[in-house]
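In terms of the working numbering, the sequence shown opens at residue 148 and continues consecutively.
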Amino acid sequence: MPDFVQTMFWPFMACLLLAGIHVYLGIHILARQVVFVDLALAQMAALGSIVGIVVGISEKGTSLLFALLGAALLTFMQSESWVGICYATALSATILLSTHMPHGADELRELLSGNILWVEPNVLGKTALIYASVGFLHWLFRKKILAATFKQKTISRKWDFFFYASFAVVVTSSVSIAGVLLVFSFLIMPAVASMMFARTIQNRLLIGWGIGASVSMIGMAVSYYFDLPSGPAIVLCFAIFLMLLVGVRACCFKRMS
């Protein structure tokens, strides 16, 4: 047990950070009915990272630039079809650019599945500051953001861009820690699970945070004791947990009827 705690302490802290901001953003994304926007923006950030490596400039800078470009596009084209086009284009470009890189396959695998097991405390500190800044801005402008999410006609489109741009900033930091797939799982799966049992945003947040923390711990235990990659193990645990919840909920409704 001490070895497990020593090995998984910082990765688990990273999971708590990811759950903290992504469950909140996921609730908004589900309300906006653009579920795959995270995959699109995360893949844009991954493409930017590859471009930075190829050109020989800051990966972080190009990753953020491409994510913000994706945010601007999705502000005006919010249908799932355009989100899918954005994702497919970014993924194809990422694969093509990585083809002739010396370690292109490894870079691509790390961008998709992440390497959360080796996250460093100083990286977590910087990421926590970014998440806290975005969270504070969302709290400060919460009325405008909620109005934009629930499509009140009087609200300006600039608040849509604000949401997607701040989302892009979060995703850029998240992908570098956890990879595209795990970021998507933290965004969508706890939020979907919380919607089964709560109606208010506050209750969904509390349930989603609890699910994010507990399933992350289970996934890390599976990863540690079965010697599996942490990111995919956590994603699979989220999927199994969600399916179990669906089954339990269906049984409860059947008994009630």
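No residue lacks a Cβ here, since even glycine has one placed at the ideal position from N, Cα and C.
Option in the options with minimal Cα separation from residue i
i    : options                : result
M342 : V393, F288, L221       : V393
L172 : W229, W356, G199, E227 : W356
F308 : G217, S280, F159       : G217
L244 : T319, A235, L255       : L255
V281 : A340, P268, S320       : S320
C384 : F400, L328, R346       : L328
A166 : F297, F373, T274       : T274
N158 : V266, A219, G366, F283 : It is Pro, not Asn, that sits at residue 158 in the sequence shown. P158 has its Cα closest to that of V266, out of V266, A219, G366, F283.
L276 : F151, L164, V395, A340 : L164
I200 : H247, A340, L353, C233 : H247
V395 : I365, V382, A340, I381 : A340
A386 : Y278, I365, A397, D374 : I365
A189 : L391, L215, P268       : L215
Y278 : V170, D150, P149       : V170
For residue j and residue i, the rounded distance between their alpha carbons
i    : j    : result
F331 : R402 : 33 Å
F333 : G378 : 11 Å
L258 : R179 : 26 Å
M191 : I168 : 19 Å
V322 : K207 : 11 Å
H250 : V202 : 15 Å
A240 : A252 : 14 Å
I358 : V318 : 20 Å
Q349 : I242 : 40 Å
E227 : L293 : 20 Å
I232 : A219 : 15 Å
V181 : M224 : 11 Å
F283 : L352 : 16 Å
P376 : K291 : 40 Å
V152 : R304 : 46 Å
F288 : F297 : 14 Å
A380 : C399 : 29 Å
T347 : I354 : 11 Å
Y234 : I176 : 16 Å
Y372 : V382 : 16 Å
P149 : P268 : 19 Å
M390 : A345 : 18 Å
D374 : G272 : 27 Å
Under 7 Å between C-beta atoms of residue i and residue j
i    : j    : result
S196 : S205 : no
G261 : A325 : yes
V369 : F388 : no
I174 : A315 : no
A360 : I263 : no
V230 : V184 : yes
Y311 : T222 : yes
M155 : M367 : yes
A295 : W306 : yes
L194 : F213 : yes
Any chain B beta carbon closer than 7 Å to residue i
i    : result
V266 : Chain labels in this structure do not include chain B; a single protein chain is all it has.
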